[in-house]
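Enquirer:
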Amino acid sequence: QKEVEQNSGPLSVPEGAIASLNCTYSDRGSQSFFWYRQYSGKSPELIMSIYSNGDKEDGRFTAQLNKASQYVSLLIRDSQPSDSATYLCAVWDGTASKLTFGTGTRLQVTL
Amino acid sequence: EPEVTQTPSHQVTQMGQEVILRCVPISNHLYFYWYRQILGQKVEFLVSFYNNEISEKSEIFDDQFSVERPDGSNFTLKIRSTKLEDSAMYFCASSEFGRLGRDNEQFFGPGTRLTVL
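Chains A and B are the protein sequences, given in the same order.
Mapping of the first sequence onto the numbering used here: residues 1 to 111, in sequence order.
Mapping of the second sequence onto the numbering used here: residues 112 to 228, in sequence order.
Put into structure tokens, the structure is as follows:
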């Protein structure tokens with residue numbers, strides 16, 4: 001059973017701080033990694049994808065991938081109250097046409 | 112910006128009834144998916160579809176479920192005889208590339224909330 005693990009939170013950070021969200025996965029053959037944001041009652045919204053070891057930056061978001069440690073993270077700089085949501089880590093293993101999701105980490109950005 | 116659309120947004124049905132959930136994927140995408148999310152739980156894969164056939168399906172996707180692309184734009188999920196435990200949000204997703212593509216970002220529709228009474 002391929003697993004994606006996330007701390008459910010809530011992770012509470014003050015406005016303007018850096019939020020750090022982490023994810024580990026069990027399948028070493030995994031090739032593609034995604035971060036989705038999900039507001040309560042809404043659908044997952046893709047915010048970042050990463051395929052190679054290292055960092056990938058997009059605006060206030062940075063995704064980090066370490067395949068040797070089977071670890072993916074998402075950094076959100078200058079956190080805003082509108083960033084308060086559940087962040088889902090998703091992994092695509094390349095052998096099956098599907099994403100495996102973690103349970104998500106709930107982020108709360110406080111004023 | 113192109114987006115995945117789904118109808119209806121909310122479907123209420125009686126146990127044992129058939130329901131059809133509809134999706135219009137992004138127009139140039141070739142790979143289509145259904146996921147579900149039971150309230151408070153993780154997003155779970157149901158089925159993937161490419162070139163008019165199922166590519167992959169999960170254990171959840173049993174004989175009560177079927178998918179179809181009836182025309183060039185719609186993608187449907189049918190549940191033949193609904194059970195109480197089928198109550199969930201059902202999300203349709205599409206991607207330009209699938210198994211053979213690395214850049215296989217999946218974009219989700221807004222979902223259909225299915226309530227089985």
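Just so you know, even glycine gets a beta-carbon here, dropped at the ideal spot from N, CA and C.
In this text the structure is predicted, and so the values were computed from the model without any measurement.
1. Among the residues of its own chain, which have a CB less than 6 Å from the CB of residue 149/B, if the five just before and after it don't count?
2. Ignore the nearest five residues each way along the sequence and tell me which others in residue 102/A's own chain have a CB closer than 7 Å to its CB.
3. Determine the DSSP secondary structure at residue 14/A, reduced to helix, strand or coil.
4. In three-state terms, what does DSSP make of residue 195/B?
5. Between the Cα of residue 230/B and the Cα atoms of 140/B, 207/B, 206/B, 189/B, which residue gives the shortest distance?
6. Measure from the C-beta of residue 164/B to each C-beta in chain A and report whether the shortest distance is under 7 Å.
7. Can you tell me whether residue 18/A is buried or exposed, with buried defined as 16 or more other CB within 10 angstroms of its CB?
8. Can you tell me whether DSSP reads residue 79/A as helix, strand or coil?
9. I think residue 100/A touches residue 91/A, with their Cβ atoms under 8 Å apart; what is that distance to the nearest whole Å?
10. With H, G and I counted as helix, E and B as strand and the rest as coil, what does DSSP make of residue 95/A?
11. At the level of alpha carbons, what is the spacing between residue 97/A and residue 30/A?
12. For residue 191/B, count the other beta carbons within 10 Å of its own beta carbon; 16 or more makes it buried, fewer makes it exposed. Which is it?
13. From residue 186/B to residue 129/B, what does the alpha carbon distance come to, in whole angstroms?
14. Below 9 Å on C-beta distance, what does residue 208/B contact in chain A?
15. What does the Cβ neighbour count give for residue 197/B, buried or exposed, with the cut at 16 atoms within 10 Å?
16. Is the beta carbon of residue 201/B less than 7 Å from the beta carbon of residue 223/B?
17. For a contact meaning CB atoms closer than 7 Å, what does residue 92/A contact in chain B?
18. Among 181/B, 204/B, 195/B, whose alpha-carbon lies nearest the alpha-carbon of residue 124/B?
19. Nearest by alpha-carbon distance to residue 37/A: which of 54/A, 86/A, 111/A is it?
20. For a contact meaning CB atoms closer than 8 Å, what does residue 102/A contact in chain B?
Expert: By the coordinates alone:
1. As a working mapping, residue 149/B is identified with position 38 in the second sequence. Around residue 149/B: 199.
2. If you number the first sequence from 1, residue 102/A lands on position 102. Within the same chain, residue 102/A has close Cβ partners 4, 5, 6, 23, 88, 89.
3. Locating residue 14/A in the first sequence gives position 14, where the first residue counts as 1. Residue state, collapsed to three classes: strand.
4. Here residue 195/B is taken as the residue at index 84 of the second sequence, counted from 1. Residue state, collapsed to three classes: helix.
5. The first residue shown for chain B is 112 and the last is 228, placing residue 230/B beyond what the model contains.
6. Stepping through the second sequence from its first residue, residue 164/B is reached at position 53. For residue 164/B, the answer is no, since every Cβ of chain A falls outside 7 Å of its Cβ.
7. Your numbering for residue 18/A matches position 18 in the first sequence. Residue 18/A comes out exposed.
8. By one-based count along the first sequence, residue 79/A stands at place 79. Looking at residue 79/A - three-state DSSP - the assignment turns out to be coil, as it is neither helix nor strand.
9. Within the first sequence, numbered from 1, the residue matching residue 100/A stands at position 100. Within the first sequence, numbered from 1, the residue matching residue 91/A stands at position 91. Right, the Cβ-Cβ distance comes to about 5 Å (below 8 Å), so this counts as a contact.
10. Residue mapping note: residue 95/A aligns to position 95 of the first sequence, counting from 1. Residue 95/A falls in the coil class under three-state DSSP.
11. What you label residue 97/A is simply residue 97 of the first sequence in a count that begins at 1. What you label residue 30/A is simply residue 30 of the first sequence in a count that begins at 1. Distance between the alpha carbons of residue 97/A and residue 30/A: 12 Å.
12. For the purposes of this step, residue 191/B is taken as the residue at position 80 of the second sequence. Residue 191/B comes out exposed.
13. The count along the second sequence starts at 1 and reaches residue 186/B at position 75. The count along the second sequence starts at 1 and reaches residue 129/B at position 18. The alpha-carbon atoms of residue 186/B and residue 129/B are separated by roughly 16 Å.
14. On the second sequence, residue 208/B is found 97 positions in, with the first residue counted as 1. In chain order: nothing, as chain A lies at least about 10 Å away.
15. Position 86 of the second sequence, counting from 1, holds the residue named residue 197/B. It counts as buried.
16. Numbered from its first residue, the second sequence carries residue 201/B at position 90. Numbered from its first residue, the second sequence carries residue 223/B at position 112. Yes, the Cβ-Cβ distance between residue 201/B and residue 223/B is below 7 Å.
17. For the purposes of this step, residue 92/A is identified with residue 92 of the first sequence, where counting begins at 1. Within chain B, the residues near residue 92/A are 215.
18. Along the second sequence, one-based indexing puts residue 124/B at 13. Minimum Cα distance to residue 124/B is reached at 195/B.
19. The sequence position of residue 37/A within the first sequence is 37, counting from 1. Among 54/A, 86/A, 111/A, the Cα nearest to that of residue 37/A belongs to 86/A.
20. The sequence position of residue 102/A within the first sequence is 102, counting from 1. Within 8 Å Cβ-Cβ: 153.
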